[in-house]
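There are 2 protein chains.
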Amino acid sequence: MEQVETIGADLGGTKLAVGVVGGAPEAVWQEEVPSRGYSQEDVVNLLAQQINKAREAHPGATAAGVGVPATIDYETGLAIASNNLDIDGLPVRDLLSEKVGIPVAIDNDGNLAMLAEALYGAAKGADHALLLTLGTGIGGGIWLNGEIYRGATGAGAELGHIVVDIDGEPCPGSCPNRGCIESMASGTALGRLAREAAEKHPDSELGRRLAERGTVDAKDLDAAARGGDGVATEAIELAGHFLGQALVSLANIFQPQVIVLGGGAIAFGERLVGPARTEVERYALDPMNKTRVEIAKLGPAAGMIGAAAFGRMEAERD
Amino acid sequence: MEQVETIGADLGGTKLAVGVVGGAPEAVWQEEVPSRGYSQEDVVNLLAQQINKAREAHPGATAAGVGVPATIDYETGLAIASNNLDIDGLPVRDLLSEKVGIPVAIDNDGNLAMLAEALYGAAKGADHALLLTLGTGIGGGIWLNGEIYRGATGAGAELGHIVVDIDGEPCPGSCPNRGCIESMASGTALGRLAREAAEKHPDSELGRRLAERGTVDAKDLDAAARGGDGVATEAIELAGHFLGQALVSLANIFQPQVIVLGGGAIAFGERLVGPARTEVERYALDPMNKTRVEIAKLGPAAGMIGAAAFGRMEAERD
């Protein structure tokens, strides 16, 4: 499908990655630039500038796909609401298509990471799969009957906003709820769990790091756990337990063949994913307790690769 | 589709309803018999007996659909696990087809109620809808892109087993988890909430009923609320709040056009559904907060009508 070169853009809250993807899943050209703090107009200009740069490098690329961290209206290519970027209400697709002169398709970034993992990664060969990206927040993607599922108008698959603890912490950003899994197992939540554990156990490695530097984050948590700190390991396992309960709900709802976990927090590896997987094995109904729980294979490039695949699909559909 | 007469059977934990459906959604013949406590062999014989009775009454009915309260293996027509009936591991479809001599299709009862509501009821015209049946337990059905969605092997759509309270009550029956919505807003859970409220407020109408009779159930709760008892109303609203949080998760996941609520507990009407709907409006992400939450239209016959529609579809597919 993707022998034809296509441009993929993955717009995040802090950076924009644009690449040209040929014989997928490899990018033949790519560049990353900061995206934080851009106004609506500037973010579209930035996207256009980087897409044009990709086209100059690879003039054969005649279509583009863009992933954005926002709920999307699929028909109109409009960004509805985003936690991390000033793009709410912006008709990203049409503004961009006009500026770059080639067809541009936009979708939610979680959907596109799911597409990439289904085509080339940990969900390859599966007809039914889910993906959660554990980053600053938690994004999601749904793959059903061999296609991305987006809901009535393209805004669904917000898998980070599943309630797990009805009395839990307020969900950050634009989500009005509390106790969502995003507030309990995202990278941000792992940082909070690290601070709480460090305060509670000042004699632990994590506690010493807090005393030394006045703060600890998810990276300290990872380092302390790798160094054998039981307090750090326990904090990660707690997040894995929370995450696992969301996966139990998702397994019972979808009976997917595999649930793929991606995003920055996957640096915690099996320390985080192991307890989540155990939760599914123990607490999902039979036969959903056999759902595989796997770490994403494509790494940080998944969003860009999925965006390119999507851009090609949409261009060929028209 | 259903001008051809088809037999629909709705097997529950306490009764079996079998009907002949012609110009749906009306049954032209139907009969209900008790099903509680039957052995595996007897439950198949009971189904065969009632299907044969329907065929004698309407010899033109040459296919049947059966809904069972169990996870199902769609390819083999096997019942995997049921909370209320001794049919675990039973190849219901093949045993029955052999006994009655016409094609029989089986599916989960929640899926079939969803099918009926999508074809003729509260989800008519929707491409994306969900259904929860609030009875002894909570069953579910998923309608995506105009079709029933069943998961990888047909066992999915267990919408009652979504976790809402990670520290909640153990889920009844064969579910190994705790804090599932089934343990918080089913008919059984409403009975428990009634008892708790009555014990806490002995001076309320509900409390007086408890003192008089030593027990209160969901029916007392309904009667007391209708009589103006604020304690009873509050207990129902609490269940509606729990239920609403599960609906928020489902809205964020699926972005359905409508979520349909059916089953016996729907006798509580807007006292239960109103707070659940408000929860979705307030706590789901934009635009999922616009998901409609509606009461099922077909009443207790939905399962049988859906079973007949499914039996016809499967017979025509072969």
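Which chain is which? The protein sequence lines are A and B, in order.
Positions in the first sequence are counted from 1; adding 103 to them yields this note's numbering.
Positions in the second sequence are counted from 1; adding 103 to them yields this note's numbering.
We treat Cβ as the ideally placed atom computed from N, Cα and C, and that holds for glycine.
For residue i, which residues in chain A fall below 7 angstroms Cβ to Cβ?
i                 : result
Arg385 of chain B : Pro279
Buried or exposed: residue i, going by 16 or more other Cβ atoms within 10 Å of its Cβ?
i                 : result
Ile136 of chain A : The sequence given here places Val at residue 136 of chain A; Ile does not occur at that position. Answer is exposed; the Cβ neighbour count stays below 16.
Asn248 of chain B : exposed
Ser142 of chain A : exposed
Gly115 of chain A : buried
Ala314 of chain B : exposed
Arg329 of chain A : exposed
Thr318 of chain B : exposed
Asp145 of chain B : exposed
Pro128 of chain A : buried
Pro305 of chain B : exposed
Glu159 of chain A : exposed
Arg420 of chain B : exposed
Arg139 of chain A : exposed
Gly402 of chain A : exposed
Glu250 of chain A : exposed
Gly254 of chain B : buried
Leu259 of chain B : Residue identity check: residue 259 of chain B is Gly in the sequence provided, not Leu. So Gly259 of chain B ends up on the buried side.
Gly331 of chain B : exposed
In whole angstroms, what is the alpha-carbon distance linking residue i and residue j?
i                 : j                 : result
Ala327 of chain B : Thr291 of chain B : 17 angstroms
Ile398 of chain B : Gly365 of chain B : 6 angstroms
Lys202 of chain A : Gly126 of chain A : 27 angstroms
Ala173 of chain A : Arg316 of chain B : 55 angstroms
Ala321 of chain B : Gln348 of chain B : 21 angstroms
Gly122 of chain A : Glu272 of chain B : 50 angstroms
Arg385 of chain A : Ser352 of chain A : 12 angstroms
Thr165 of chain A : Phe413 of chain A : 13 angstroms
Arg395 of chain A : Gln360 of chain A : 6 angstroms
Ala112 of chain A : Ile369 of chain A : 22 angstroms
Val107 of chain B : Ala167 of chain B : 11 angstroms
Asp325 of chain B : Arg415 of chain A : 57 angstroms
Leu222 of chain B : Val147 of chain B : 28 angstroms
Val171 of chain A : Asn355 of chain A : 29 angstroms
Gly257 of chain B : Pro162 of chain A : 47 angstroms
Gln103 of chain B : Glu340 of chain B : Here chain B has residues from 104 to 421 only, and residue 103 of chain B is not among them.
Leu181 of chain B : Leu199 of chain B : 11 angstroms
Leu350 of chain B : Leu296 of chain B : 20 angstroms
Gly343 of chain A : Pro378 of chain A : 5 angstroms
Val131 of chain A : Tyr177 of chain B : 44 angstroms
Gly334 of chain A : Asp323 of chain A : Before going further, note that residue 334 of chain A is Val rather than Gly in the sequence given. The straight-line gap from Cα to Cα measures roughly 12 angstroms.
Gly263 of chain B : Ala387 of chain A : 12 angstroms
Ala301 of chain A : Ser286 of chain A : 19 angstroms
Tyr252 of chain B : Arg380 of chain A : 24 angstroms
Asp197 of chain A : Val169 of chain A : 12 angstroms
Phe357 of chain B : Lys156 of chain A : 37 angstroms
Asn392 of chain B : Val383 of chain B : 5 angstroms
Gly192 of chain A : Asp189 of chain B : 54 angstroms
Phe68 of chain B  : Asp230 of chain B : Summary: the structure shown does not reach residue 68 of chain B, with chain B confined to residues 104 through 421, and so no result is reported for it.
Quick one: which chain A residues come within Cβ less than 9 angstroms of residue i?
i                 : result
Glu220 of chain B : Within chain A, no residue comes near Glu220 of chain B; the closest Cβ sits about 17 angstroms away, beyond 9 angstroms.
Below 8 angstroms on C-beta distance, what does residue i contact in chain A?
i                 : result
Thr256 of chain B : Gln358 and Pro390
Phe345 of chain B : Ile269
Using a Cβ cut-off of 9 angstroms, pull out every chain B residue sitting near residue i, in sequence order please.
i                 : result
Gly259 of chain A : His231, Ala354, Asn355, Ile356, Phe357, Gln358, Pro359 and Met391
Thr174 of chain A : Gln358, Leu388, Asp389, Pro390 and Met391
Under 7 angstroms between beta-carbons, which chain B residues line up against residue i? List them in chain order, please.
i                 : result
Val266 of chain A : Val267, Gln348, Val351 and Ser352
Leu262 of chain A : Ile356
Ile183 of chain A : Asp389 and Pro390
Taking C-beta pairs closer than 8 angstroms, name the residues in chain B that residue i reaches, listed in chain order.
i                 : result
Leu247 of chain A : Leu247 and Tyr252
Q: Tell me, please, whether the region 178-190 of chain A touches the region 225-237 of chain A by the rule of three or more beta-carbon pairs shorter than 8 angstroms.
A: no
Q) Is there contact here, the region 296-311 of chain A with the region 256-269 of chain A, by at least three beta-carbon pairs under 8 angstroms? A) Contact annotation: the region 296-311 of chain A does not touch the region 256-269 of chain A, with fewer than three C-beta pairs closer than 8 angstroms.
Q) Does the count of Cβ pairs from the region 234-251 of chain A and the region 147-154 of chain A closer than 8 angstroms reach three? A) Using a Cβ-Cβ distance cut-off of 8 angstroms, the region 234-251 of chain A and the region 147-154 of chain A are not in contact, since fewer than three pairs of beta carbons, one from each stretch, lie closer than that value.
Q. Is the number of C-beta pairs between the region 242-258 of chain A and the region 111-121 of chain B that are closer than 8 angstroms three or more?
A. no
Q: Would you be able to state if there are at least three C-beta pairs under 8 angstroms between the region 210-221 of chain B and the region 286-302 of chain B?
A: no
Q | Meets three-Cβ-pair contact criterion under 8 angstroms: the region 370-379 of chain A and the region 274-286 of chain B | A | no
Q: At 4 residues or longer, and completely inside the region 230-306 of chain A: list those alpha helix (DSSP H) runs for me, N to C.
A: 285-288 and 290-303
Q | In chain order, each alpha helix (DSSP H) run of at least 4 residues that lies wholly inside the region 342-416 of chain A | A | 373-386
Q: Would you list, in sequence order, the uninterrupted beta strand (DSSP E) runs of no fewer than 3 residues that lie entirely inside the region 159-232 of chain B?
A: 167-171, 173-176, 181-185 and 207-211
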